[in-house]
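Engineer: Starting off with a structure, shown below.
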Amino acid sequence: MAPFGGEADDDEFQIVGRKGRAIPLRARSGLVKKDEAGLAPDIVKVAACTPLDTCGLGTKAAQPWPREERPVLSVAPMMQWTDVHYRKLARLLTRRTLLFTEMIPAAAIVDAFEAKDGSLGQLLAFDAEQRPLAVQIGGSNPALMARAAGLCAKAGFDEVNLNVGCPSSKVTTGGYGACLMKSPQLVREIAVACLAACGGRNGVPVTVKHRLGVDDCDSWEELQDFVRTVASAGVTHFIVHARKALLGVLSCEGNRTIPPLKYDWVWALSRTFPQLTFELNGGVDSLDEVQQLFSKGPLRGVMVGRAAYKTPWILSQADATLFGAENPGHSREEVLDLYLDYASAYFHAQQRAGLVSTPSAALELEQLLAAPLSNLFEDETHLFRVALLREVAARETDDASSRRHDSVPLPTFMLRRAAACAAEAVAAARAEKSQAV
1 MAPFGGEADD
11 DEFQIVGRKG
21 RAIPLRARSG
31 LVKKDEAGLA
41 PDIVKVAACT
51 PLDTCGLGTK
61 AAQPWPREER
71 PVLSVAPMMQ
81 WTDVHYRKLA
91 RLLTRRTLLF
101 TEMIPAAAIV
111 DAFEAKDGSL
121 GQLLAFDAEQ
131 RPLAVQIGGS
141 NPALMARAAG
151 LCAKAGFDEV
161 NLNVGCPSSK
171 VTTGGYGACL
181 MKSPQLVREI
191 AVACLAACGG
201 RNGVPVTVKH
211 RLGVDDCDSW
221 EELQDFVRTV
231 ASAGVTHFIV
241 HARKALLGVL
251 SCEGNRTIPP
261 LKYDWVWALS
271 RTFPQLTFEL
281 NGGVDSLDEV
291 QQLFSKGPLR
301 GVMVGRAAYK
311 TPWILSQADA
321 TLFGAENPGH
331 SREEVLDLYL
341 DYASAYFHAQ
351 QRAGLVSTPS
361 AALELEQLLA
371 APLSNLFEDE
381 THLFRVALLR
391 EVAARETDDA
401 SSRRHDSVPL
411 PTFMLRRAAA
421 CAAEAVAAAR
431 AEKSQAV
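Each residue of the sequence shown is one higher than the one before, starting from 1 at the first, in UniProt numbering.
Right, here's the structure in full:
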């Protein structure tokens with residue numbers, strides 16, 4: 001399991017949903033079992049937060065922010081990682097950073113809406129405290145993408161982002177992701193339709209995340225043409241993964257690491273198109289690197305991916321370092337306690353809703369809720385994971401008859417005992433509320 005930068009390895013991107021369409025699973029590998037038809041069950045019920053009304057969505061569209069106020073730091077959309085639970089943890093560390101959902105296929109959103117069974121609210125639900133929050137959608141049909149974008153805008157997301165960068169073979173087979181860079185006119189049509197559905201230039205912003213190029217369409221001239229063409233639709237903000245993609249040649253992981261980074265191309269785009277704004281993504285591991293990137297060239301923002309889950313604690317200094325605001329200032333121990341309070345409440349809410357009906361379902365949900373904590377203790381991660389695995393193994397070998405799925409809460413005691421294995425100095429260290437910028 002290695003969810004990185006909005007792109008899942010092919011064996012992690014599973015196909016479920018109505019009409020045989022693709023939908024990303026909001027669970028870790030191994031937690032979702034297939035039914036007799038070979039399709040995974042509708043696990044968005046597990047990942048739901050506050051259900052929204054199926055038709056009206058029950059929320060107002062987000063108030064669009066002025067372009068100059070868009071957060072300068074964002075956490076990349078990461079398949080099987082940036083779910084509602086990870087975002088809860090992230091908000092305990094930073095209030096200002098723009099968070100993203102996992103990529104959601106437009107077909108899954110429209111299918112959920114047409115089903116009118118509550119699944120749309122479950123698919124798009126989030127707590128208001130997770131804002132600013134962007135949703136990333138994927139697809140190649142302008143009409144379908146527009147319907148999905150409009151539903152997302154109505155659900156209250158602050159931004160709708162179009163995926164034109166994922167190199168997964170399954171995504172490519174669906175005709176979207178990085179392969180769309182070969183069809184800038186189609187991306188323009190999609191952007192025109194989505195902007196109209198989101199309220200136009202004064203509505204919820206529509207942005208595009210893309211690569212420097214794809215396969216042999218990788219020249220500077222072709223990149224300029226792509227940006228120019230899509231910008232003519234009204235898109236003003238581009239998030240650029242500073243690598244090309246090699247489809248059918250490299251795996252998703254290979255496409256994240258093997259093509260060389262070309263940060264200078266992103267800075268050059270900013271200079272070539274001063275009327276637009278650009279955000280750099282790819283290979284950024286620390287806030288120091290973020291600051292260095294801003295100092296070396298004109299950028300509107302920087303997006304971090306792997307670093308945001310491999311070392312989530314770096315986000316605890318983001319508000320003061322990059323926004324000139326006060327950090328939340330929690331210690332890791334306090335973050336753990338606050339998150340576990342949330343996890344326990346969520347677990348019991350799912351029980352009351354009848355969505356945890358077996359001991360195995362309870363354990364799967366517990367694992368899903370525990371996953372965002374796996375790297376919280378940074379250099380002590382190995383000790384934390386080993387201790388947690390021991391606790392889980394011990395629990396699984398308990399006499400099954402001594403446990404009832406309807407009375408077993410999230411085992412917060414296991415996580416706290418595992419955390420106790422981390423050095424006291426690490427657990428107690430807290431982010432300063434403010435620092436010199």
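Glycine residues also receive a C-beta, built at the ideal position from the N, C-alpha and C atoms.
In angstroms with no decimal places, state the Cα-to-Cα distance between N141 and Q80.
Structural biologist: 24 Å
Engineer: I104 to K209, Cα distance in whole Å?
Structural biologist: 14 Å
Engineer: Please list the terminal residues of the continuous alpha helix (DSSP H) segment that includes E333.
Structural biologist: E333: member of the alpha helix (DSSP H) spanning 332 to 352, first to last residue.
Engineer: In whole angstroms, what is the alpha-carbon distance linking G203 and T257?
Structural biologist: Linking G203 to T257 through their CA atoms gives a straight-line distance of about 36 Å.
Engineer: Take F278 and list the residues in its own chain whose beta-carbon comes closer than 7 Å to its own, dropping the five residues that flank it on each side.
Structural biologist: These residues qualify, in order along the chain: F238, V240, V266, L269, S270, L299, R300.
Engineer: Within 10 angstroms of its Cβ, does S401 collect 16 or more other Cβ (buried), or is it exposed?
Structural biologist: For S401, the predicted structure reports a pLDDT of 41, less than 50, and the residue's modelled location is therefore unreliable. A value from the coordinates is still provided. Per the 10 Å Cβ criterion, exposed.
Engineer: Does DSSP put M103 in a helix, in a strand, or in coil?
Structural biologist: strand
Engineer: Which residue comes first and which comes last in the beta strand (DSSP E) that contains G138?
Structural biologist: Counting along the chain, the unbroken beta strand (DSSP E) around G138 starts and ends at 133 to 138.
Engineer: Considering only residues of the same chain and omitting the five flanking positions on each side of G165, which have a CB-CB separation below 6 Å?
Structural biologist: Cβ-Cβ distances below 6 Å link G165 to A178, K209, H210, R211, H241 in the same chain, with the five nearest sequence neighbours on each side left out; the list follows chain order.
Engineer: On the three-state DSSP scale, how would you describe M303?
Structural biologist: Looking at M303 - three-state DSSP - the assignment turns out to be strand.
Engineer: What span of residues does the beta strand (DSSP E) with S74 cover, start to end?
Structural biologist: 73 to 75
Engineer: Using the DSSP secondary-structure output, state which residues sit across from F273 in a beta bridge.
Structural biologist: Bridge partners of F273: none, in fact.
Engineer: State buried or exposed for V249, treating a residue as buried only when at least 16 other CB atoms are found within 10 Å of its CB.
Structural biologist: exposed
Engineer: Whole angstroms is fine: what's the gap from L287's alpha carbon to D127's?
Structural biologist: Rounded to the nearest whole angstrom, the CA to CA distance from L287 to D127 is 26 Å.
Engineer: Would you please state the rounded distance, in angstroms, between the beta carbons of residue 441 and C198? I believe it to be under 8 Å.
Structural biologist: Only positions 1 to 437 of the chain appear in this structure, which leaves residue 441 out of reach.
Engineer: Can you look up V171 in the DSSP assignment and give me helix, strand or coil?
Structural biologist: helix
Engineer: Check whether the Cβ atoms of P167 and N255 sit closer than 8 Å, and answer yes or no.
Structural biologist: yes
Engineer: Between the region 85 to 105 and the region 299 to 319, do three or more beta carbon pairs fall short of 8 Å?
Structural biologist: Three or more Cβ pairs closer than 8 Å define a contact, and the region 85 to 105 meets that threshold against the region 299 to 319.
Engineer: Identify every residue that forms a DSSP beta bridge with V206.
Structural biologist: By DSSP's assignment, V206 forms a beta bridge with V160.
Engineer: G213 bridges to which residues according to DSSP?
Structural biologist: K244
Engineer: Closest to R131 by CA distance: which of D158, S119, L195, G138 is it?
Structural biologist: D158
Engineer: With H, G and I counted as helix, E and B as strand and the rest as coil, what does DSSP make of L195?
Structural biologist: Three-state result, L195: helix.
Engineer: Could you say which of T236, A245, A231 lies nearest to D216 if we only look at CA atoms?
Structural biologist: A245
Engineer: With the cut-off set at 8 Å, would you say A307 and D285 are in Cβ contact?
Structural biologist: With contacts defined as CB atoms closer than 8 Å, A307 and D285 qualify as a contacting pair.
Engineer: Quick one: Cα of L162 to Cα of D319, how far?
Structural biologist: Spanning the two alpha carbons is a distance of roughly 26 Å.
Engineer: Among the candidates L369, S360, L133, whose CA atom is the shortest distance from the CA of A345?
Structural biologist: L369
Engineer: Given a cut-off of 8 Å, decide if L73 and V290 are closer than it, judged by their beta-carbon atoms.
Structural biologist: yes
Engineer: F323 lies in the alpha helix (DSSP H); which residues open and close that run?
Structural biologist: 318 to 323
Engineer: Decide if T173 is buried, meaning its Cβ has at least 16 other Cβ atoms within 10 Å, or exposed.
Structural biologist: exposed
Engineer: Taking DSSP as the reference, what is the three-state secondary structure of L98?
Structural biologist: DSSP, reduced to helix, strand and coil, places L98 within a strand of the structure shown.
Engineer: List the endpoints of the continuous alpha helix (DSSP H) containing T257.
Structural biologist: Taken as a continuous stretch (DSSP letters only), the alpha helix (DSSP H) holding T257 covers 252 to 257.
Engineer: Taking only three categories from DSSP, how would you classify F377?
Structural biologist: coil
Engineer: Where S331 and E366 are concerned, what is the direct C-alpha to C-alpha distance, given to the nearest angstrom?
Structural biologist: 23 Å
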